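> In terms of the UniProt record's numbering, the sequence shown opens at residue 1 and continues consecutively. By construction, the Cβ of each residue, glycine as well, lies at the ideal position given by its N, Cα and C atoms. Being a predicted model, the structure only gives us computed values, none of them experimental.
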Amino acid sequence: MARRRLSEAIRWQIIGMHAKGASFKAIGRQLGYHYTVISRLVRKHRQTGAVKDRPQSGRPRVTSEREDRALLRIIRREPFSTSTVLKRAWLPNRHLSTRTVRNRLKAAGMAARRVIKRPRLTDDHKRRRLAWCLARQRWNLRTWRSIHWSDESRFLLHVTDGRLRVWRHRNTAYTPRNIRQTVPFGGGSVMVWGCISHDCKLDLVTIRGNLTGDQYMRHILEPVVVTHFDNHPLATRPVYMDDNARPHRSRAVVDYLQNNAVTTLPWPAMSPDLNPLEHVWDILGRRIQALQPPVQTLRELEAALHREWLQVTREQIRRLTGGMRRRVDAVIRARGGFTRY
1 MARRRLSEAI RWQIIGMHAK GASFKAIGRQ LGYHYTVISR LVRKHRQTGA VKDRPQSGRP
61 RVTSEREDRA LLRIIRREPF STSTVLKRAW LPNRHLSTRT VRNRLKAAGM AARRVIKRPR
121 LTDDHKRRRL AWCLARQRWN LRTWRSIHWS DESRFLLHVT DGRLRVWRHR NTAYTPRNIR
181 QTVPFGGGSV MVWGCISHDC KLDLVTIRGN LTGDQYMRHI LEPVVVTHFD NHPLATRPVY
241 MDDNARPHRS RAVVDYLQNN AVTTLPWPAM SPDLNPLEHV WDILGRRIQA LQPPVQTLRE
301 LEAALHREWL QVTREQIRRL TGGMRRRVDA VIRARGGFTR Y
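Encoded structure:
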């Protein structure tokens, strides 16, 4: 049983009662403590004039400050290492626990956090991204609002999260309530195409099967994009943005866009952080995951995507498209490298 700790008020009460002549046993009986506790407190007060506990050293450290700095140098070189790997690389001849490794990293202000994933950028990718942003660094909102941002995205029916954890007792891993059931390949997926601008949002299009250049023209460009662009006078005709996916850059697609007077925005490869539509996909994904009851079939998933697309407001889109100058500046500061977007 854990000992009851004396509060500071009780300690001073004991000192006062003893000063008035009460014995250790009498004080103990009245307050419910053993008389030896009372005697030790009075003796401490006589020696130090205080009633607070002295600072305690605790368990001796098994590593020095120099060795702790060596661990930080290792983690800077290999930030994805586990505590078990770090223990072997840090002091291989010392008997240490992985808890010690985690404690040292925690004391240095470090913690294991979610990994941010980004497309792999080569030096050429960085140069092209930087050049693209420098050429458009001084574009104002009036110029950016003429851009129509397009993209495709695939949504899984059952999203699997590798970081999922479960609270359970020991040896209950295979209890049915502690098992997360999965299906191969997420149970299937739905691929959609969307397009936004500062002033409008085009209809969401479901893509059946794999997207090809011919399908891109017949089901997206002709019925949606070109029809929308034809409603604008040539003098104020918007600019169409799509990425460098193979169906977008086929000769037939390029000729079709030119023949229909659709101006396209040159695009640097590996640059999803420059496309504000990526954040709209994130909004849709989080809304789909929050649905109760959750979607159970691909048809329900498709209907939910179209429904949630309609619920994305103009204000949400304008907050994204209105921040293009910040995105461009972020890429320039990173010299074409990764950004927070």
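From the DSSP output, which residues share a beta bridge with residue 151?
Answer by DSSP bridge pairing, in chain order: 194.
> By Cβ distance, which residues of its chain are closer than 6 Å to residue 330, with the 5 residues on each side in sequence left out?
Taken in chain order, the residues that qualify are 339.
> Go ahead and pull the three-state DSSP assignment for residue 201.
If DSSP states are grouped into helix, strand and coil, residue 201 belongs with the strands.
> Between which two residues does the alpha helix (DSSP H) holding residue 241 run?
Careful: residue 241 lies outside any alpha helix (DSSP H), inside the beta strand (DSSP E) at 239 to 241.
> I'd like to know whether the C-beta of residue 177 is nearer than 8 Å to at least one C-beta of chain B.
Structure shown: chain B not included; a single protein chain is present.
> For the pair the stretch 41 to 56 and the stretch 2 to 22, tell me if three or more CB-CB distances fall below 8 Å.
Flag = yes, the stretch 41 to 56 and the stretch 2 to 22 touch.
> Pull up the distance between the alpha-carbon of residue 373 and that of residue 283, whole angstroms please.
Because the chain spans 1 through 341 in this model, residue 373 falls outside it and cannot be assessed.
> What do you get for residue 11, buried or exposed, if any count of 16 or more other CB atoms within 10 angstroms of its CB means buried?
It counts as buried.
> Helix, strand or coil: which one does DSSP assign to residue 291?
In this structure, residue 291 counts as coil in the three-state DSSP scheme.
> Using three-state DSSP, classify residue 83 as helix, strand or coil.
Three-state result, residue 83: helix.
> Alpha carbons only, please: which of 322, 262, 183, 71 is nearest the one belonging to residue 199?
If we check each option's Cα against that of residue 199, 322 comes out closest.
> Determine, using beta carbons only, whether residue 192 and residue 301 come nearer to each other than 8 Å.
No.
> Going by Cα to Cα distance, which pick from 88, 258, 231, 214 is closest to residue 247?
Selected option, being the one with the closest Cα: 214.
> Going by DSSP in three states, residue 263 sits in which element: helix, strand or coil?
Residue 263: strand per DSSP, three-state reduction.
> So residue 12 is in the alpha helix (DSSP H); what residue range does that whole segment cover?
From DSSP, the alpha helix (DSSP H) with residue 12 extends over 8 to 19.
> Do the stretch 207 to 226 and the stretch 256 to 264 meet, that is, are 3 or more Cβ pairs less than 8 Å apart?
Yes, they touch.
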